[in-house]
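Protein chains: 2
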Amino acid sequence: MLLDQRQLPVREVERACQRWEEVADAIRTLAVRGAPAIGVAAAFGVALAARQSRAATYEDLRSDVDVALKGLAETRPTAVNLFWALARMRRVALGQPDAPVERVRARLLAEARAILEEDVAANRSMGEHGASLVPDRARILTHCNAGALATAGYGTALGVVRAAHERGKVALVWVGETRPVMQGSRLTAWECMREGIPHRLIADVAAGSVMARGEVDLVVTGADRIAANGDTANKIGTYSLAVLARHHGVPFYVAAPLSTIDPSIATGAEIPIEERDGGEVRRVGGQQTAPDGSPVYNPAFDVTPASLITAIVTERGIFRPPYRFS
Amino acid sequence: MLLDQRQLPVREVERACQRWEEVADAIRTLAVRGAPAIGVAAAFGVALAARQSRAATYEDLRSDVDVALKGLAETRPTAVNLFWALARMRRVALGQPDAPVERVRARLLAEARAILEEDVAANRSMGEHGASLVPDRARILTHCNAGALATAGYGTALGVVRAAHERGKVALVWVGETRPVMQGSRLTAWECMREGIPHRLIADVAAGSVMARGEVDLVVTGADRIAANGDTANKIGTYSLAVLARHHGVPFYVAAPLSTIDPSIATGAEIPIEERDGGEVRRVGGQQTAPDGSPVYNPAFDVTPASLITAIVTERGIFRPPYRFS
């Protein structure tokens, strides 16, 4: 069961996925999004593939699961949690060639459940660590949605905010609306409303002005992939916020589980950046906002160099530069 | 006759104003916007007030015109061209206490026409000067709409782009969509399409990423008010672009007529910044993008300090720091 995030905040619609292809479609169309949530959803997609397979032999089941592993891997290129979760599922599938197919199916489902539970636990732990970085009466700026909706629950960047709020430290959360898909206004504002966290929505373009007024004590965002040197891919606009934070002497934090770190790549230059359809920029909902023929450049992510990141908060603690993940 | 800019790019609707109150409403609701265009429209509003007045004596006409001067001045607070144009119209009205009322009416209309014609001439001149700053094969980033629609014709920032394009110097214009009112996607992209200027639309949050890729040679924006020291109020988001430009070593230019300079104030800190309704951020067109109850901070402008401005292009030439306007 997925909450269809494209319909928030107007409607809360749950979407039941019976087949891995439906999960792949949900990821591709942003019904489920957020790096950790994509990883968890993909893991359940593999478990569904095993369930929907009519294979009676291990070989046939592996063949069906491989199709799903491949199909799910092709949904989105940037968030590494997707590939990390699929690799875990593949190891489980590969690891039991002598087991009866029913046991393989059960183990794949158990692994998906473990990935989900570990993600929630990691978020809680990140919240604990991250809250120690938050001063009293903090005004925190965040971007996109790295909350419960982007994870299996609680959140990464918004988990830090939530933990700090539980400790009474949060005066205000500035929520950048996050064009073009509006995850900030649609999702983060919605989560803040539900949690009773004081917040104020801004157009992304107002972030610099708010910092110049001295009304931001720290910035915290999630991440979609972190290179070995700490360079971080995250939602388009994160890099601009990091530059602005540096200009104003505001600390800039990234909160992400270790599953977001990709030690196989040295720097952010190697992270593939997804480009999405220009229609996301030419329209909002059904509303046309640009001439139909206007060419659009619509990267979904950008890379913030490690040099602009004050610290990276993970479930194992807080890392500071120089970052050397392995 | 005003082209109703709120309906672009979907519809081209002209709006006939017979009364100054209709002009004031058009300014307030952004049917006409852009600092120079607001000034020109307000001037014609005063001429309309004189025409619609049934006064037979100078005293009565002055009284009616004064009501319009006051009402038009209250429409929007930031762009100084409004107050500059109204001051010119007031001087004309004040200057002829012995003239027959018909002559006063005619002179007010003539003054409004002069303001319009001077604005077009100033734009052309700004374009000449500004084009000299543009290198060959330039990739130019602009924000909001400082084009023909924002002026009496041709444009300020987009006038510079247009003049450079006429000289064959423009490889690409990056058009920031300019949330929340989308003047970039709705108006600047529309103007670029009509003029055949190569352009690419981006969400505002992508500007940093495009600069980091080395794909921006200069930034040019318009202005709503320039203080004596060169601090410049312009559309929200301009300040962030100036910080990003500095970070990436990209020149940041402002193009504005002398009527945008307000030497009566020393620094940008004294410029009143209009805050607009939160509904502009919570919705796009009829489409809800945020929870209904979410609090919003929606400043329409920000102030870019003179220290971040490489040069200011006016109809009298190019000014460079330190700026000392008087």
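If you're matching them up, the sequences are chains Z and E in order.
One rule links them: number in this note's numbering = place in the first sequence (from 1) + 22.
One rule links them: number in this note's numbering = place in the second sequence (from 1) + 22.
For every residue, glycine included, the Cβ atom is placed at its ideal position computed from N, Cα and C.
(request) Check whether the Cβ atoms of Gly290 of chain Z and Ala255 of chain Z sit closer than 9 Å, and answer yes or no. (result) As a working mapping, residue 290 of chain Z is identified with position 268 in the first sequence. As a working mapping, residue 255 of chain Z is identified with position 233 in the first sequence. Contact: yes.
(request) Taking Gly307 of chain Z as the query, report the chain E residues whose CB atoms sit under 9 Å from its CB, ordered along the chain. (result) Your numbering for residue 307 of chain Z matches position 285 in the first sequence. Those are Val306, Gly307, Gly308, Gln309, Gln310, Thr311, listed as they occur along chain E.
(request) Identify the contact partners of Arg208 of chain E in chain Z, using a Cβ-Cβ distance below 8 Å as the criterion. (result) By one-based count along the second sequence, residue 208 of chain E stands at place 186. Correct list: Thr311, Ala312.
(message) Please state the DSSP three-state secondary structure of Asn145 of chain E.
(response) Residue numbering aside, residue 145 of chain E sits at position 123 when the second sequence is read from its first letter. Asn145 of chain E falls in the helix class under three-state DSSP.
(request) Per DSSP, which residues does Gly169 of chain E bridge with? Please list them. (result) Locating residue 169 of chain E in the second sequence gives position 147, where the first residue counts as 1. For Gly169 of chain E, which the question treats as bridged, DSSP gives the partners E:Gly177.
(request) Identify the contact partners of Ile162 of chain Z in chain E, using a Cβ-Cβ distance below 9 Å as the criterion. (result) Mapped onto the first sequence, residue 162 of chain Z falls at position 140. Within chain E, no residue comes near Ile162 of chain Z; the closest Cβ sits about 14 Å away, beyond 9 Å.
(message) Beta carbons nearer than 7 Å to chain E: which residues of the stretch 257–289 of chain Z have them?
(response) Ile258, Gly259, Tyr261, Ser262, Val265, Leu266, His269
(message) In this structure, how does DSSP classify Lys92 of chain E when only helix, strand and coil are distinguished?
(response) For this step, residue 92 of chain E is matched to residue 70 along the second sequence. Helix at Lys92 of chain E.
(message) Which of the three DSSP states is assigned to Glu199 of chain Z in this structure?
(response) Residue numbering aside, residue 199 of chain Z sits at position 177 when the first sequence is read from its first letter. It is coil, neither helix nor strand.
(request) Could you have a look at His221 of chain E and say whether DSSP puts it in helix, strand or coil? (result) Position 199 of the second sequence, counted from the start, is the residue given in the question as residue 221 of chain E. Strand, per DSSP.
(message) Just to confirm before moving on: does the CB-CB distance between Ala65 of chain Z and Ala107 of chain Z stay below 9 Å?
(response) For the purposes of this step, residue 65 of chain Z is taken as the residue at position 43 of the first sequence. For the purposes of this step, residue 107 of chain Z is taken as the residue at position 85 of the first sequence. Contact flag set, yes.
(message) Going by DSSP in three states, Tyr345 of chain E sits in which element: helix, strand or coil?
(response) Residue 345 of chain E sits at position 323 when you count from the first residue of the second sequence. Here Tyr345 of chain E sits in coil by DSSP.
(message) Assuming the contact rule is C-beta atoms closer than 8 Å, Ala288 of chain E and Asn320 of chain E should be a hit. Round their C-beta distance to whole Å, please.
(response) Here residue 288 of chain E corresponds to residue number 266 of the second sequence, with the count starting at 1. Here residue 320 of chain E corresponds to residue number 298 of the second sequence, with the count starting at 1. That belief does not hold up - the Cβ atoms of Ala288 of chain E and Asn320 of chain E are roughly 27 Å apart, past 8 Å.
(request) For Pro157 of chain Z, return the contacting residues in chain E, with the cut-off set at a CB-CB distance below 9 Å. (result) As a position in the first sequence, residue 157 of chain Z is number 135, starting the count at 1. Ordered by position in chain E, no residue passes the 9 Å Cβ test against Pro157 of chain Z, which lies about 21 Å from the chain.
(request) State buried or exposed for Leu116 of chain Z, treating a residue as buried only when at least 16 other CB atoms are found within 10 Å of its CB. (result) Sequence index remark: in the first sequence, residue 116 of chain Z carries index 94 (1-based). When all chains shown are included, Leu116 of chain Z counts as exposed.
(message) In the DSSP assignment, the beta strand (DSSP E) including Asn256 of chain Z goes from what residue to what residue?
(response) Mapped onto the first sequence, residue 256 of chain Z falls at position 234. First-last of the beta strand (DSSP E) with Asn256 of chain Z: 254–257.
(request) Give the secondary structure of Val272 of chain E by DSSP, where H, G and I count as helix, E and B as strand, and everything else as coil. (result) Walking along the second sequence from the start, residue 272 of chain E turns up at place 250. Secondary structure at Val272 of chain E: coil, using DSSP grouped into helix, strand and coil.
(request) Flag Glu199 of chain E as yes if its beta-carbon sits less than 9 Å from any beta-carbon of chain Z, otherwise no. (result) Against the second sequence, residue 199 of chain E aligns to sequence position 177. It does; some Cβ of chain Z falls within 9 Å.
(message) Please classify Thr260 of chain Z as buried or exposed, where buried requires at least 16 other C-beta atoms within 10 Å of its C-beta.
(response) Here residue 260 of chain Z corresponds to residue number 238 of the first sequence, with the count starting at 1. Its Cβ being crowded by 16 or more others within 10 Å, Thr260 of chain Z is buried.
(request) Would you check if the distance between the CB atom of Arg346 of chain E and the CB atom of Ala333 of chain E is smaller than 9 Å? (result) Residue numbering aside, residue 346 of chain E sits at position 324 when the second sequence is read from its first letter. Residue numbering aside, residue 333 of chain E sits at position 311 when the second sequence is read from its first letter. Against a cut-off of 9 Å, the Cβ pair of Ala333 of chain E and Arg346 of chain E comes out as no contact.
(request) Find the residues of chain Z that neighbour Ile224 of chain E, judging by a C-beta separation of less than 8 Å, and give them in chain order. (result) Your numbering for residue 224 of chain E matches position 202 in the second sequence. Under the 8 Å cutoff, chain Z gives Val303, Val318, Tyr319, Asn320.
(request) Can you pull the chain E residues whose beta carbon is under 7 Å from the beta carbon of Pro294 of chain Z, in chain order? (result) If you number the first sequence from 1, residue 294 of chain Z lands on position 272. Simply none; closest approach about 14 Å.
(request) Find the residues of chain Z that neighbour Gly230 of chain E, judging by a C-beta separation of less than 8 Å, and give them in chain order. (result) Taking the first residue of the second sequence as position 1, residue 230 of chain E is located at position 208. Correct list: Gly259, Tyr261, Ser262, Val265, Asp324.
(request) Have a look at Gly354 of chain E and Gln27 of chain Z and give me their C-alpha separation to the nearest angstrom. (result) Here chain E covers residues 23 to 348 and nothing more, so residue 354 of chain E does not appear.
(message) In the DSSP assignment, the alpha helix (DSSP H) including Val68 of chain Z goes from what residue to what residue?
(response) Taking the first residue of the first sequence as 1, we reach residue 68 of chain Z at position 46. Unbroken alpha helix (DSSP H) run through Val68 of chain Z: 57–74.
(message) I'd like to know whether the C-beta atoms of Ala267 of chain E and Ala245 of chain E end up nearer to each other than 9 Å.
(response) Taking the second sequence and counting its residues from 1, the one referred to as residue 267 of chain E is at position 245. Taking the second sequence and counting its residues from 1, the one referred to as residue 245 of chain E is at position 223. Not closer than 9 Å, so no.
(request) Quick one: list the residues of chain E neighbouring Pro119 of chain Z, beta-carbon separation under 8 Å, in chain order. (result) Within the first sequence, the letter at position 97 stands for residue 119 of chain Z. Near Pro119 of chain Z there are no residues of chain E at all, since even the closest Cβ is about 46 Å away, more than 8 Å.
(message) Could you compute how far the alpha carbon of Lys349 of chain Z sits from the alpha carbon of Pro220 of chain Z?
(response) Past the edges of chain Z, shown from 23 to 348, lies residue 349 of chain Z, and the structure says nothing about it.
(message) Please tell me whether Glu199 of chain Z and Ala174 of chain Z are closer than 9 Å, where the distance is taken between their beta carbons.
(response) Stepping through the first sequence from its first residue, residue 199 of chain Z is reached at position 177. Stepping through the first sequence from its first residue, residue 174 of chain Z is reached at position 152. No, the Cβ-Cβ distance between Glu199 of chain Z and Ala174 of chain Z is not below 9 Å.
(message) With three or more C-beta pairs closer than 8 Å as the rule, is the stretch 25–43 of chain Z touching the stretch 52–68 of chain Z?
(response) yes
(request) Under 7 Å between beta-carbons, which chain B residues line up against Pro31 of chain E? List them in chain order, please. (result) The displayed structure is made up of protein chains Z and E, and chain B is not among them.
(message) Just to make sure I have the definition right: I need the residues of chain Z whose C-beta is within less than 7 Å of the C-beta of Pro202 of chain E. Which are they?
(response) Along the second sequence, one-based indexing puts residue 202 of chain E at 180. Within chain Z, the residues near Pro202 of chain E are Ala225.
(request) Give the interface partners of Met215 of chain E over in chain Z, defined as CB-CB distance under 7 Å, in chain order. (result) Here the question's residue 215 of chain E lines up with position 193 in the second sequence. The answer, in chain order, is Pro313, Gly315, Ser316.
(request) Kindly give me the distance between the Cβ atoms of Ile258 of chain E and Phe323 of chain E, rounded to whole angstroms, as I take these residues to be in contact under 8 Å. (result) Here residue 258 of chain E refers to the residue found at position 236 when the second sequence is read from its first residue. Here residue 323 of chain E refers to the residue found at position 301 when the second sequence is read from its first residue. Sure, about 6 Å apart at Cβ, within 8 Å.
(message) Counting only Cβ-Cβ distances shorter than 8 Å, please list the residues of the stretch 61–76 of chain Z near chain E, keeping chain order.
(response) none
(request) Rounded to whole angstroms, what's the CA-CA distance from Arg222 of chain E to Pro202 of chain Z? Just pull it up for me. (result) Here residue 222 of chain E refers to the residue found at position 200 of the second sequence. Here residue 202 of chain Z refers to the residue found at position 180 of the first sequence. The C-alpha of Arg222 of chain E lies about 15 Å from the C-alpha of Pro202 of chain Z.
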